[in-house]
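K.L.:
Provided herewith is a single structure, encoded as structure tokens, for subsequent inquiry.
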Amino acid sequence: MPRIGGLRSGDTGLADENEEAIPEFSSASCQRFNILCSGGKDGCVCFSVFGIFPVGKINITKIPINVGSSRKSYQLQDASVSKVSLSRNLQKFVILCFGKLVDTDNLSDSCENSGLHCLYLDTSIFFNRKNELHQVSQQASSIQDMVEVVRASVSLISKQWSNAMSLFHEKFSALPNLISTHGVESSSEDEFLSLLFGTRTSPALHHFLASSLGEAGLKRIAKAVDSAGRDIRGIITEHLQPAVEIISFRLAELRGLSRWRSRFQTIGLDGNLIDGVTESIGMLVVQVERFSRVAATVVYLFQNFFAWVLKSVRILLNEPTDQVPAANRSPL
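Counting the sequence shown from 1 gives a position; the working numbering is that position plus 40.
In structure tokens:
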């Protein structure tokens, strides 16, 4: 896993320069364990493993603050984080912030300490549960990557099919106009049904098939739809289905880890929440499989439709009349 840019574990701007890494934490896997620390003007500090998986959030305006040996409890108001630093061993966290330090035991006292403050927080939970955080973060990062693959796949499928259907509607939208021009009270569906049953072809449909659409135009549409269908099948089988199945697998692993409550409940891995998500991803797997079958069926129906219309166009172009020959019948 590449190192994440920005503030991370190991930044020593405010840490002890002589602090040495703990041997256990210098293993190959844990060297890749980085925590991004970010603070803002709202007084909140966020912790994200690998810079992408949130594992904690602190609002410094809501935590009690002890100053020196005083037993008084203070609190920051209008705090704004200026700089943060997490020690190499993940156990010490220092915050530089601006704000007003007020005595919570005596709010009527007008004495306030406004200015720059330095806070020291104990973050040893990151060190004590670094292995658990590393495991969960890797699974979550993989899930997040696969979610992006799913989104990109669905977006690409939508774009491919939209382009094909735009061309289809662009060409076939001429038929309703021709029907209206010829003063015929029927729909495009009625005209094609008449053609299918071998009845007399209306002038509007004849003009549309022979002139407006033509054999070349029909082949172009058929090629576009067929190409979109192949691309969609490839996206589903090569990207969408594998990504959804990987998400399901990773969630199952997280579900198993959540059963180890003594180790993973401390870092917030809730088995009940994972159960709900697992059920949803299971439904998504089924829907993707169903979508694959529906997409294949729709493309197949379009191919049959275009083949039939192409045959009809060729018959019309070869016939001097607008009558499509009736279907072959057995002699009486």
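No residue lacks a Cβ here, since even glycine has one placed at the ideal position from N, Cα and C. This structure is a prediction, so every number in the text was calculated from the model and none was measured.
Decide if the segment 267–279 is in contact with the segment 198–213; the criterion is three or more beta carbon pairs, one per stretch, under 8 Å apart.
P.N.:
A contact exists between the segment 267–279 and the segment 198–213.
K.L.:
In terms of residue numbering, what span does the alpha helix (DSSP H) encompassing H174 cover?
P.N.:
Run containing H174: K170 to F212, per the alpha helix (DSSP H) assignment.
K.L.:
If we ignore side chains and look at the alpha-carbon of each, how far apart do A335 and V194 end up?
P.N.:
In a straight line, the C-alpha of A335 is about 13 Å away from that of V194.
K.L.:
From R333 to L356, what does the alpha carbon distance come to, in whole angstroms?
P.N.:
Straight-line Cα distance between these residues: approximately 35 Å.
K.L.:
Kindly list the residues whose CB is nearer than 8 Å to the CB of S298, restricted to its own chain and excluding five residues on each side of it in sequence; keep chain order.
P.N.:
Closer than 8 Å at the Cβ level, and outside the excluded window around S298, lie F304, Q305, L309, D310, G311 and I314.
K.L.:
Counting along the chain, where does the alpha helix (DSSP H) carrying N129 start and finish?
P.N.:
Here N129 belongs to no alpha helix (DSSP H), and DSSP marks it neither H nor E.
K.L.:
With H, G and I counted as helix, E and B as strand and the rest as coil, what does DSSP make of Y94?
P.N.:
At residue 94 the sequence reads Pro, which differs from the Tyr that was named. It is a strand residue.
K.L.:
Measuring straight from C-alpha to C-alpha, what distance separates L245 and E210?
P.N.:
Cα-Cα distance, rounded: 16 Å.
K.L.:
Report the CB separation of K132 from Y160 in whole angstroms; it is logged as a contact under 8 Å.
P.N.:
About 7 Å separates the two Cβ atoms, so the contact holds.
K.L.:
Please report the straight-line C-alpha distance between P243 and K199, rounded to a whole angstrom.
P.N.:
In a straight line, the C-alpha of P243 is about 36 Å away from that of K199.
K.L.:
Is it the case that the Cβ atoms of V121 and G91 are separated by a distance below 8 Å?
P.N.:
Contact: no.
K.L.:
Who are the near neighbours of L350 in its chain, counting only those whose CB is closer than 6 Å to its CB and skipping five residues on each side?
P.N.:
Excluding residues within five positions, the ones whose Cβ falls inside 6 Å are L258.
K.L.:
Using the three-state DSSP reduction, which class does I75 fall into: helix, strand or coil?
P.N.:
Strand, per DSSP.
K.L.:
Less than 8 Å between the C-beta atoms of L130 and I197, yes or no?
P.N.:
In this structure, I197 does not lie closer than 8 Å to L130 by Cβ.
K.L.:
Evaluate Q178 with the Cβ neighbour count: other Cβ atoms within 10 Å of its Cβ, from every protein chain shown; 16 or more gives buried, anything less gives exposed.
P.N.:
Per the 10 Å Cβ criterion, buried.
K.L.:
When DSSP labels each residue in this structure, what does S66 get in the three-state scheme?
P.N.:
For S66, the predicted structure reports a pLDDT of 35, less than 50, and the residue's modelled location is therefore unreliable. The matter cannot be settled from this model.
K.L.:
For F331, does the three-state DSSP call read helix, strand or coil?
P.N.:
Looking at F331 - three-state DSSP - the assignment turns out to be helix.
K.L.:
Under a three-way DSSP split, which group does H279 fall into?
P.N.:
H279: helix per DSSP, three-state reduction.
K.L.:
With burial defined as no fewer than 16 other Cβ atoms inside 10 Å of the residue's Cβ, what is the status of Q117: buried or exposed?
P.N.:
Under this definition Q117 is an exposed residue.
K.L.:
Judging by CA-CA distance, which residue of I307, F73, G155 and T144 is the nearest neighbour of N106?
P.N.:
For N106, the nearest C-alpha among the options comes from T144.
K.L.:
Please work out which residues of its chain come closer than 6 Å, Cβ to Cβ, to K140, disregarding the five sequence neighbours upstream and downstream, and give them in chain order.
P.N.:
Once the five neighbours on either side are set aside, the close Cβ partners of K140 are Q117, D118, E152 and S154.
K.L.:
Can at least three beta-carbon pairs, one atom from the segment 272–290 and one from the segment 225–243, be found at a separation below 8 Å?
P.N.:
No, the segment 272–290 is not in contact with the segment 225–243.
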